[in-house]
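Residue numbers (our numbering), protein chains in the order written: chain A, 308 to 522; chain B, 308 to 522. The block underneath contains the structure these notes are about, expressed in structure tokens.
2 protein chains.
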Amino acid sequence: MEPIDDRPSGVRSRRSFVVIGARATASPDFRLADLPGTSGRLDVLLRCVRAALLVSHGLRRDAVVYLVLLGGPVAPRTVRIDGAAVRFLRPDERSLALLVQKALAAPRAGDGFVEVRSGVAVVDGGVDAVLLDLGECTVYVLDERGDDLREAALAAQGAFVLGDHRGFDEASRARLDALGARRISVGPRSVHADDVVAIVSNELDRRDAAPGARP
Amino acid sequence: MEPIDDRPSGVRSRRSFVVIGARATASPDFRLADLPGTSGRLDVLLRCVRAALLVSHGLRRDAVVYLVLLGGPVAPRTVRIDGAAVRFLRPDERSLALLVQKALAAPRAGDGFVEVRSGVAVVDGGVDAVLLDLGECTVYVLDERGDDLREAALAAQGAFVLGDHRGFDEASRARLDALGARRISVGPRSVHADDVVAIVSNELDRRDAAPGARP
């Protein structure tokens with residue numbers, strides 16, 4: 308099958324990455340000095356933020372990341388970081404952990420995603436809240452048995468959903484299946500979530516650079 | 308140009324990544340609580356270690372990473388982490404920083420790379436020491452103006468050299484040019500070093516999975 312680009316020429320993609328942390332803590336009570344041990348592996352999700360939003364000396368203004376936190380008594384909660392509005396985003400895990408910790412601790416009022424600082428918003432909800440927020444958007448699920456990313460038709464407005472090191476929880480998978488989300492794979496090896504984000508971003512960059520062309 | 312695979316069928320790649328830290332400290336006196344601010348951006352290099360060596364629930368036994376540390380009074384020094392021998396490698400930045408810190412502080416005796424724990428070795432030297440250690444190997448330099456990775460012939464024994472967020476120092480570049488290293492590019496956007504490693508690894512994984520085939 309030949310690669311397909313179903314976007315009109317000149318349309319840049321707006322890309323969303325939705326990372327589901329099966330046990331990632333939805334509360335701010337984790338220790339920066341032991342992220343993997345105290346946060347339900349929030350570190351996995353934080354690395355995806357860097358891969359999705361940061362490029363050399365700049366931000367991807369066309370990218371949004373959702374961290375779906377399903378761990379702990381206050382779950383589910385989701386942190387949304389929007390490349391179009393976020394400022395002072397640093398690439399190291401500790402800085403990203405501090406940002407998410409502050410976001411989870413910030414007072415909020417209202418339904419839906421509430422912005423707690425520029426470009427960073429939090430909602431009391433999981434995958435359903437994200438799907439509502441995404442609006443008109445084609446949803447893809449990263450899955451080792453899915454179609455090859457390089458040969459898949461990718462919409463200009465795409466949301467890419469991936470699990471953490473434990474894969475998907477059943478409820479999220481069922482919800483995405485019911486939605487008819489397409490399963491795509493980045494390659495023959497099962498790699499870390501942030502590598503998946505980097506590889507998908509690279510494919511989208513290539514298609515953005517040559518709209519209408521076969522990559 | 309069509310992608311080329313110049314490896315005999317069935318030969319798996321052995322891949323090396325050489326990351327040059329223009330100011331990354333060659334001594335262990337950095338603070339884990341402020342890696343970006345105290346280590347000459349060693350954090351950039353540490354993230355490359357994860358991308359090069361770790362996959363979901365496992366290690367890439369066919370991969371080696373060299374961190375070339377050119378910062379501070381004891382530079383140059385290089386830390387080599389070999390996927391074939393390293394144990395208990397954790398993906399988070401803090402754990403990787405601790406590993407490199409201990410390696411740099413460990414007593415050593417002898418010339419060349421001295422192993423300070425299983426799979427981790429240190430040498431008092433930079434790019435030249437790495438080239439000597441690599442032996443028979445085709446060297447590629449990651450460069451935004453290089454040939455497209457997807458269309459490049461890639462040797463089974465390849466070493467991929469990349470700079471940190473500051474790019475290459477002049478001496479290293481001159482040394483690699485003199486060697487006739489081929490310049491390759493991962494795509495139209497300039498991305499972080501660890502994303503480069505993830506994208507190159509993905510390309511190699513694809514070729515390993517379909518030896519002789521066009522990816």
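Here a beta-carbon is modelled for each residue, glycine too, at the ideal position from N, C-alpha and C.
Annotated three-state conformation of A359/B is helix, per DSSP. Here A333/B really is in contact with G379/B; their C-beta atoms are around 5 Å apart, less than 8 Å. For the region 356-377 of chain A, the beta-carbon criterion of a distance under 9 Å to any beta-carbon of chain B is satisfied by R357, A358, L361, V362, S363, H364, G365, R367. Rounded to the nearest whole angstrom, the CA to CA distance from C444/A to D435/A is 14 Å. Annotation: the continuous beta strand (DSSP E) that includes R384/B extends over 384-389. If you check each beta-carbon in the region 486-510 of chain B against every beta-carbon of chain A, the ones closer than 7 Å belong to V493, G494, P495, R496, S497, V498, H499, D502, A505, I506, N509. A straight-line Cα-Cα distance of about 12 Å links L456/B and R513/A. Taking 9 Å as the Cβ-Cβ cut-off, the region 399-433 of chain B approaches chain A at D399, E400, R401, S402, given in chain order.
Taking a contact to require three or more Cβ pairs closer than 8 Å, the region 382-394 of chain B and the region 417-433 of chain B qualify as touching. Only those residues of the region 320-343 of chain B whose C-beta falls short of 9 Å from the nearest C-beta of chain A are listed: L339, A340, D341, L342, P343. In the three-state DSSP reduction, L456/B falls in the helix class (H, G or I). The beta carbons of D350/B and E400/B sit about 6 Å from each other, so the pair counts as a contact at 8 Å. In this model, A488/B and L374/B are separated by some 18 Å (Cα to Cα).
For D350/B, the C-beta contacts it makes with chain A under 7 Å involve D399, in order along the chain. If you ignore the 5 residues before and after R367/B, its C-beta comes within less than 6 Å of the C-beta of L360, G390, all in its own chain and listed in chain order. Against chain B, a Cβ distance below 8 Å from R513/A picks out G494, P495.
Your pair V362/B and R496/A checks out as a contact, with CB atoms roughly 6 Å apart and the cut at 8 Å. At a cut-off of 8 Å between beta-carbon atoms, A459/B makes no contact with chain A. The beta carbon of A459/B lies closer than 6 Å to those of I491 in the same chain, with the five residues before and after it left out.
Contact of A516/A with chain B by beta-carbon distance below 7 Å involves P495.
Boundaries of the beta strand (DSSP E) around G470/B: 464-470.
For a cut-off of 8 Å, the C-beta gap from L403/A to R473/A is around 20 Å, too long to register as a contact.
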